[in-house]
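Heads up, my numbering is the position in the sequence shown plus 376, with the first residue counted as 1.
To start, the structure under review is shown below, and the notes come after it.
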Amino acid sequence: MPQPEAAFTADPECDGLTIQFTNNSPGADAFFWEFGDPNTQADTSLLPNPSYSYPTVGTYPVTFI
377 MPQPEAAFTA DPECDGLTIQ FTNNSPGADA FFWEFGDPNT QADTSLLPNP
427 SYSYPTVGTY PVTFI
């Protein structure tokens, strides 16, 4: 059985500072997201399709495992 690959998209039409992330990883059954917000360590999620509200407009490095 092939290993799942981490793949996702982020809604480019965000509502203010909240971004909806969509998991595109077939075969995956566990998820870990880190949203790259340097202002907090609580910028993680275990949900398959989370959203995150950023504090300000900017570029944030998202990690998805």
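We put the CB at the ideal spot given by N, CA and C, even for glycine.
Keep in mind the model is a prediction, meaning the values are calculated, not measured.
Assignment of beta-bridge partners to A406 by DSSP yields no partner.
Contact between F384 and N400 is confirmed by a C-beta separation of about 6 Å, below the 8 Å threshold.
DSSP places Y430 in no beta strand (DSSP E); its state is neither H nor E.
Assignment of F411 by DSSP, reduced to helix, strand and coil, places it in the coil class. The beta-carbon separation of Q396 and S427, rounded to 5 Å, stays under the 8 Å limit for a contact.
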